[in-house]
Every structure is written in C-alpha cells, then in structure tokens.
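Before any comments, here is the structure.
Residue numbers (our numbering), protein chains in the order written: chain A, 22 to 584; chain B, 8 to 258.
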C-alpha cells in the first residue's frame, strides 16, 4: 500500500460522517462554513485596505508592503514549525492505529510517507486557508498578473513541506533522546523550544524600529533599515523574496535565486527527514511503548485547599478532578509555558512603543493604542480559552460515561467547568490590560471603560468556548494539544473574533467622544450623552445575550449527548 | 427492580433493539445473553441513560428513567465492557470522586474504599495512577467504583472480560453475596458458561429481539433434554448451521 492509500480511512470516515449526519448537524456545519467564508472575506478586506493605505505613502509605502509580507510569512513559518512538531507526535507515536499498521507487512517508507502527508495536512490546512486571502489582497491591490498567482502556487508547497520535514525529524529525534520517560513529557521540551522560537521571532521583527523613525540618523538610514529582510537565512524571507518581484518589480531582485534556496532546502529537509525516519523511528516507537509506570504529582496543598471551597461537594469533586488531571498531563500544563511567553511579549510590545512627540499626537496615539489594547486583550483571552476552556468537555474523554450514568445533572458539570475557567481568564485579561494601559499612561476613563468591557467580554468569550466545545467534543482525542485546532476550535476562534470586533466597534465612538470632551474641556451635548449611554448599554446587552445563549446551547448539547 | 417495556432503539434504518420487554426481580441475578451485535450493549446503555431509546420505557427501582433520572441512577451501579476511567487520577482519588458523585462521604466512604480495594486485590495500587493499570486491574477498579455506594441494581456489561481466574472467583463470590443481600444484578455476556455459573435466570437476545427467557433448565427443556450449553446457545441464537459445522469438524 502506498503512503496515499493510508489516508483513505480518514477520507472514508469523513464521507461516512457527512452521509450519516442528520439535518441539524448538516445545517450547523453549513452555518459554520458560511461563518468561515465571512471571516475569510474579512481578512481579505482588512489586508486590501492596509495595502491600499501603504500604496498612498510615498517612498516608504511599497517597502512597508514588502515587510508586511515578510512578517506574515515569518509568523506562518513559526506557527507551522510548532504545529508540525505537536501533530507529528500524534501521527507518528500516539495514534491508535499504529499498532495495526506496524504489525502489517507495510514497508516502513510507505508508513512514513502516509504519516508525513497526514502531518502536513493537519498542520497546514488552516494556514493555507486563511493565508490565501492575504495573497489575494496583495495581487488585487498591486494589480499583479497571473504570474504572481502562479508564483504563490509554486512557493506554497516547499514553504509548507520544509517546516513539516523539520518538525517531523525534530519530533523523532526528541522521542529518541528521551526514551525512558513517558513520551508525552517530550512536549515540555517542545514548549520551551516554542518559547525560544517566539522570542527569536520577536527579535527578528524589531517592531520598535519600524514605528520609531526618529531613532535613526536620517530618513535614508531608516529606509535602509526597513528594506533589509528580517533575516536573509530564514525560509520565510526566501519565500517573500520569491514573491515580491511579481507585485513590486525593482531592478536587482533575485526571485529565482530565493525560490531555488527555498525549494532545495525543502527537498533536502524531505530527504533528511526520510533518513531520520529510517534510522530512528522504529527504535523510538518501540521504546516509547516502555516505561509506562507514571510518576504521581501529589498536589497535597491543592487537596487541602480545595476541601475548604464553599461549594457543593459534587462541584468541588469535578473541579478537583479537572485540576489534578491538568497538572498531571504534560500535554495540558506545558501550554502554560506558551501562555507565559505570550504575556511577556504582550507587555514588552507596549513598553517599547514610542512615547515622544507633540502632546496631541501622543494623546491620539496612546488612546488609539489603548483601544487596540482592548481588542488585543480580548483576542489573547480567546486564544487562551481555545487552549484551556474549549477542550474542557473533550477532556472528559471516553470516561464521559461515568458522569452520564451518575445521578448528576450535566448542567452542573458545564457550569463548574465554566466558572473554573472564567476566573483565571478574567484575571489574566485584566492584568494584561491594566499593565499595558499603565505603560501607555491612559487616563482613568479609558482604563475603567476598557476594564469593565473586558470583564463582560470575558464572560461571552468563555461561554462561547465551552459552548462550541460541547457542540463539537472530541472524546477520542489522542493528544490534548491538538483539540484546539479541530473544526470546532477554529469555528470558536472565528466567532470569538467577531464577538470582540462587535464590542470594540460599538465602543469606539462613545469612548472617543468622551475623551474629546475631556481633552477640549467641552461639555457633552444631550444627544451625545444619550448616544454614549445607548452604545454602552448595547455592549452590555450583547455580551449578556451571547453569554446566556452560549450557556443555553452548550448545556443542551451536553445534556442531549446521548446517541 | 428492573422493568423494560417495549424498549426499541433505531439508528436510521437499522434497528438495534426491538420491542424488548423484561422484568427482573429484587435479589435476582439475570444473565443477558446473545451473540455479538445482537443488541446487548445497546440495551444496557439505554438502561444506564447513555443512550436515548427511540421508544419504550425503563423503570429502575420503581423510578422512570426518563422522568426521574437522578433517582433511578442513584440506585444503580454500572460496569461497562471497556473500562475507560480517569487515567490521571490514582485509584483512591477516582473512588473518592465516585463517592462524591453518589453522595457517599466521610469516614464511612474511606472505610468502604479500603475494604473494596482489599477485596479486589488493588490495595497495593491504591496510590498509583490508573494509566499504569492493566486492563484487568481497570476492570476490577470499575467494579470497586460501581459497588462503592452499595447499589440496589448492578448492571455489568461482559463481567469477565479481562479477569484472571482469581479475579473471576472473587467477582463471582461478590456478586452472589450482593444478590443474597437483596441487590438485583443484570449481567450481559456472550458466554453461556459464565451465565450458567452466575445467573438465576437468562434472557437471550438475537438480532434485536428477545427470543427466550427462563432458567437454564427451562431453556434446556425448550431446546431438547440432554443438550449441552453450546448446543442450547447456538440453537437459541439461531446458529444451527454453525452447530452442524462444529459437529462435522468434531467427527
């Protein structure tokens, strides 16, 4: 059987699921696909507007468009590399069908080819899907010819294969190096690597240099700085260099050379990955099956503290169980390392922003940024919720029968999971918001409005996460770190971003009007007062309505989860 | 204690259980027998509230499962055929969690946990994570959890799967003593030997229909005196052709 043949069971399962699906499930899936299409269109519109704006900036505009592409591709490459490592751990070591396949007379090369394609697909489809509108925006805004789209089609395969080959090879070597431990502990190391990657990306980006031109001696020096690629040795820079001449041709560009570097690197990585697979995979897999005896993290303090929680014994039991499971599963807690990196990078970004300039410009910048900060903090909460709260129902796993057959209302399970998620999420969001707003030096009005809005938004974001997690649970997951990248997880992120967008848009005008009246020392008119009150009321109403609807739908989905 | 009334489960065109009616009395051990895919597990999953019946009623201890699910479930203990448990908890932590679900608390719970772990030969493993247990140990732990709250109705899907001879002996004694104390036991199995060793009465399900109910002597009389266990099972489950093949092979 060929590697492609190994993908057949997945395709057949998907087709069978669609055929067996009832009208309700098909309608839900269609609605979510429509939502995805709207999000896709929104990405296109956003990038098209940004690129059109860049085009209007003389001299610097085209360079900024090129740098943006470079940064987008660098982010894609980092995400792809990490995602491939996490996925490869599942496809190559944790999949339940591996025992069957390894016992069959299947050539090792075919197994590797099949698993490689599966890893490539699982980690790359989302990047391709939501990256296409960005490339399309470049093509449309710059009136690029067919050559640009052909170039995108040519650049994508090596750009996707390279991180996949690197990720698979890295996973195999890690599992080989850590044979005596439980395989999943490897994830701890991977998380640390991801943090390192994130920091590297940050240093490569040097965002402060782009928004702080006065730090450079003169404009030409600044222009030279932004024109330099992020790093000439990064595959993302080669991909960008291969594409740029097709929408912004200039003399001296070496598109062919860049493409050659990318394609040959991908080919070399592919060959290298096959060689690593041939030499270490079988041994690594075999050793990963040994040493199953687990180390128990006792969590005695948690036991003592939780027994004093003033809640019903059943709710307490559910929370205690979830917390213990979380801290004993490296695939879950290691994601906290990523979260820590996220917080550091977030606050760092606000600290390095330029603070000099005229008073009015500073006022404008600080408050526009404070507003952006609200949206960003909301996004961070959603990104954390998709990692920790969205999988909460799926993590019950195949042991869900225990709760289903117990004398327990499943709504209690739902609420206990929600409230144990809302607390940490709200705390994280508020800490981020307050720290970064203080770094910006915003006034108390902005601070309070942002904080209250964020608290309300957190309720909606958390309830949406658990709701989607209840609608699309994956009880038969193999790797907890992969649950967020499932269909339901992506749908959740799209919904959460739309929800945050509605909140921010509704508050933009009233907050600005309030600030302008303070700045200019001009009292608000009656109409403005009514408008401001109506906008804030609408935000509160929408947040509460989304919370209530998500809770209702989520609980119903959980309670009716009887085939 | 257990009343099933015209219980039916359909998946689209396919009928997994059809018009199944059955009563099991207090203190009785009832064996639910049938070949693979006959509808045993589907029936049990409906009885435990894991599956929604397409039609029919289920009453456990006098409580209607659809109308008073919590009261009905409170009386029951359940051991599924594949014991998926919370792998990241230790055996004791898992049992305490189950105790909280079934409102068994305090020193009585701790004493009961210690006693059951001892009975099922798991005391030495009480502080280990469940993920390091073998299939048989998980099965024994699932029994421990199901018995923790001293259920009036115990439902077990394939009780002997994964059990070693010693575990099987302990289990048989435990189940018998439970029934003697008035509990009702509903055991599904595809082995007539196991049913004969454990059960007072046997029901046989074949292709979604309950085709026979009675004591082993009654079933034997129905098939023909002198019939062996294998013969009774194959005849009642409609596999006479297979019986002829087996006889030909033996000849």
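Cβ coordinates follow ideal geometry from the N, Cα and C atoms, glycine included.
Check	Outcome
Once you ignore the five residues that flank residue 244(B) on each side, which residues in its own chain have a CB closer than 6 Å to its CB?	42 and 213
Give, in chain order, every residue of the stretch 103–117 of chain B whose Cβ lies closer than 9 Å to some Cβ of chain A.	103, 104, 105, 106, 107, 108, 109, 110 and 112
Give me the Cβ distance between residue 518(A) and residue 447(A), rounded to the nearest whole Å; I'm assuming they're in contact under 8 Å.	Not really, about 19 Å apart at Cβ, beyond 8 Å.
In the DSSP assignment, what residue or residues form a beta bridge with residue 16(B)?	24(B)
Let's see if you can read the secondary structure: which residues bound the alpha helix (DSSP H) around residue 519(A)?	508–540
Can you tell me which of the three DSSP states residue 111(B) falls into?	coil
What does residue 37(B) pair with, by DSSP beta-bridge criteria?	193(B) and 208(B)
Assign residue 576(A) to buried or exposed, taking buried as 16 or more other Cβ atoms, counted over all protein chains shown, within 10 Å of its Cβ.	buried
Measure from the alpha carbon of residue 221(B) to the alpha carbon of each residue in 185(B), 39(B), 147(B) and 204(B), then state which is nearest.	39(B)
Short of 8 Å Cβ to Cβ, which residues in the stretch 263–275 of chain A face chain B?	none
Using the DSSP secondary-structure output, state which residues sit across from residue 62(B) in a beta bridge.	15(B)
Hey, out of 487(A), 294(A), 88(A) and 263(A), whose CA is closest to residue 283(A)'s CA?	263(A)
Taking the Cβ atom as the reference point for each residue, do residue 15(B) and residue 46(B) lie within a distance shorter than 7 Å?	no
Smallest Cα separation from residue 242(B): which of 24(B), 199(B), 37(B) and 206(B)?	199(B)
I'd like the span of the alpha helix (DSSP H) that includes residue 470(A), first residue to last.	465–492
Note down, in chain order, each residue of its chain lying with its Cβ closer than 8 Å to the Cβ of residue 12(B), except the 5 sequence neighbours on either side.	28, 63, 64, 65 and 66
Pull up the CB-CB distance for residue 412(A) and residue 269(A), whole angstroms please, since I reckon it's below 8 Å.	43 Å between Cβ atoms; not a contact.
Examine chain A for any beta-carbon lying closer than 7 Å to the beta-carbon of residue 193(B), and answer yes or no.	no
Find the residues of chain A that neighbour residue 55(B), judging by a C-beta separation of less than 8 Å, and give them in chain order.	422, 425 and 426
Would residue 391(A) pass as a contact of residue 461(A) if the rule is Cβ separation under 7 Å?	yes
What are the start and end residues of the beta strand (DSSP E) that includes residue 163(B)?	160–164
Among the residues of its own chain, which have a CB less than 7 Å from the CB of residue 396(A), if the five just before and after it don't count?	521 and 525
Within 10 angstroms of its Cβ, does residue 546(A) collect 16 or more other Cβ (buried), or is it exposed?	exposed
Would you say residue 486(A) and residue 406(A) are within 7 Å of each other, going by their C-beta atoms?	yes
Please give the ranges of any beta strand (DSSP E) in the stretch 252–314 of chain A, keeping only runs that are unbroken, at least 3 residues long and fully inside the region.	none
Is there at least one Cβ from chain D nearer than 7 Å to residue 87(B)'s Cβ?	Chain labels in this structure do not include chain D; the protein chains are A and B.
Roughly how many angstroms lie between the CA atoms of residue 435(A) and residue 579(A), to the nearest whole one?	8 Å
Can you look up residue 73(B) in the DSSP assignment and give me helix, strand or coil?	coil
Determine the DSSP secondary structure at residue 129(B), reduced to helix, strand or coil.	coil
Name the DSSP beta bridge partners of residue 84(B), please?	161(B)
Taking only beta-carbon positions, decide if residue 21(B) is within less than 7 Å of chain A.	no
Check whether the Cβ atoms of residue 114(A) and residue 136(A) lie closer than 7 Å to each other.	no
Check whether the stretch 284–303 of chain A and the stretch 97–110 of chain A touch, using three or more Cβ-Cβ pairs below 8 Å as the test.	no
What residues match up with residue 443(A) in a beta bridge as DSSP calls it?	In the DSSP output, where bridge partners are listed per residue, residue 443(A) has none listed.
Touching or not, the stretch 135–144 of chain B and the stretch 67–81 of chain B, by the rule of three or more beta carbon pairs under 8 Å?	no
Under 8 Å Cβ to Cβ from residue 442(A), same chain only, skipping five residues before and after it: list those, please.	406, 409, 410, 413, 483, 486 and 487
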